[in-house]
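Counting the sequence shown from 1 gives a position; the numbering used here is that position plus 21. Even glycine gets a Cβ: it sits at the ideal position worked out from N, Cα and C. From a predicted model like this one, the values you see are computed outputs, not experimental measurements. The structure under discussion appears below in the form of structure tokens.
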Amino acid sequence: MYYKNKSYEANIFPNSRVQLSNGNEVINLICNKDSCSKPFLWGFATESTIRDNPKLADAMMTKISSIYNYNYNYNYNYNYNYNYNYKTYLNKMSKQSIKDKLAVKVYFIKPNIDDYVYVIRHVDKDSPLKNTIQEYLNGLTPEEKKLGFESSNFGNENFTVKIENHIAKIHFTSNDLTKDLRSPQQVIDFTMAIIVTAEQFDTVNDAQICVNNTYNYEITFFANEESVDCPF
């Protein structure tokens with residue numbers, strides 16, 4: 022849900038507490054009166070109170086409905102504005118042509134969008150895959166940030182890449198893998214963004230990724246799993 026113009030994952034608990042989290046902060050909006058330290062988002066009443074005053078239930082449902090309607094309208098307007106701005110951006114970039122440069126797609130994360138979406142960059146035609154991945158590491162432009170894109174690099178700085186049997190084998194290295202690392206989802210988003218970026222090329226059917234000589238880096242970062250050495 023959206024709360025104060027930010028997107029959160031909402032968890033609803035049996036004691037009427039709603040916990041909002043986005044990886045950086047946790048907010049408790051509703052809880053029992055005895056333990057609540059945050060403002061109530063809507064009214065609180067027991068079953069006996071509702072039984073004695075049925076109109077109170079209607080008033081509460083009206084308030085809840087207004088909140089859900091607000092969120093629905095916010096989502097609708099947000100998606101409409103995003104789609105319009107994004108299409109305008111793509112139309113502008115697709116009309117650009119730079120001599121001796123190749124237009125490529127660089128996939129990044131876009132919160133609230135169910136799929137990976139891309140920005141357009143122009144790279145040297147020699148080693149286009151390597152140049153495109155480098156564009157990912159270069160990060161986002163101010164215009165792309167305004168469109169709502171996010172980068173999940175978490176410290177990867179250098180890399181090597183080779184293509185064997187239509188498989189892109191990409192090895193990232195970093196001096197500090199904890200830099201800006203906030204959640205497992207960030208690692209997953211990074212992996213999938215690199216894979217779909219690589220698979221846009223006709224010479225690539227699949228992509229394999231290692232980080233700091235670790236093949237199963239996604240698991241070793243957040244679980245006590247023994248690391249597997251990178252096979253390439």
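Given a cut-off of 8 angstroms on the beta-carbon distance, is the pair residue i and residue j in contact?
{"i": "Tyr-139", "j": "Tyr-128", "result": "yes"}
{"i": "Pro-163", "j": "Phe-222", "result": "no"}
{"i": "Val-217", "j": "Phe-175", "result": "no"}
{"i": "Val-225", "j": "Asn-237", "result": "no"}
{"i": "Lys-122", "j": "Asp-147", "result": "no"}
Could you check what DSSP says for residue i in three-state terms: helix, strand or coil?
{"i": "Leu-202", "result": "coil"}
{"i": "Thr-224", "result": "coil"}
{"i": "Tyr-105", "result": "helix"}
{"i": "Ile-209", "result": "helix"}
{"i": "Tyr-110", "result": "helix"}
{"i": "Gln-40", "result": "strand"}
{"i": "Lys-190", "result": "strand"}
{"i": "Lys-122", "result": "strand"}
{"i": "Ser-115", "result": "helix"}
{"i": "Asn-32", "result": "strand"}
{"i": "Lys-151", "result": "helix"}
Who pairs with residue i in a beta bridge, going by DSSP?
{"i": "Thr-235", "result": "Val-232, Asp-250"}
{"i": "Lys-146", "result": "Answer by DSSP bridge pairing: none, since Lys-146 is not bridged."}
Among the options, which has the Cα closest to the Cα of residue i?
{"i": "Tyr-107", "options": "Gly-169, Phe-193, Val-225, Lys-183", "result": "Gly-169"}
{"i": "Glu-220", "options": "Glu-246, Val-125, Lys-25", "result": "Val-125"}
{"i": "Ile-130", "options": "Glu-46, Met-213, Met-114", "result": "Met-213"}
{"i": "Lys-166", "options": "Pro-132, Lys-116, Glu-247", "result": "Pro-132"}
query = Curious, which full-length alpha helix (DSSP H) runs of at least 4 residues does the segment 154-179 contain?
reply = 163-167
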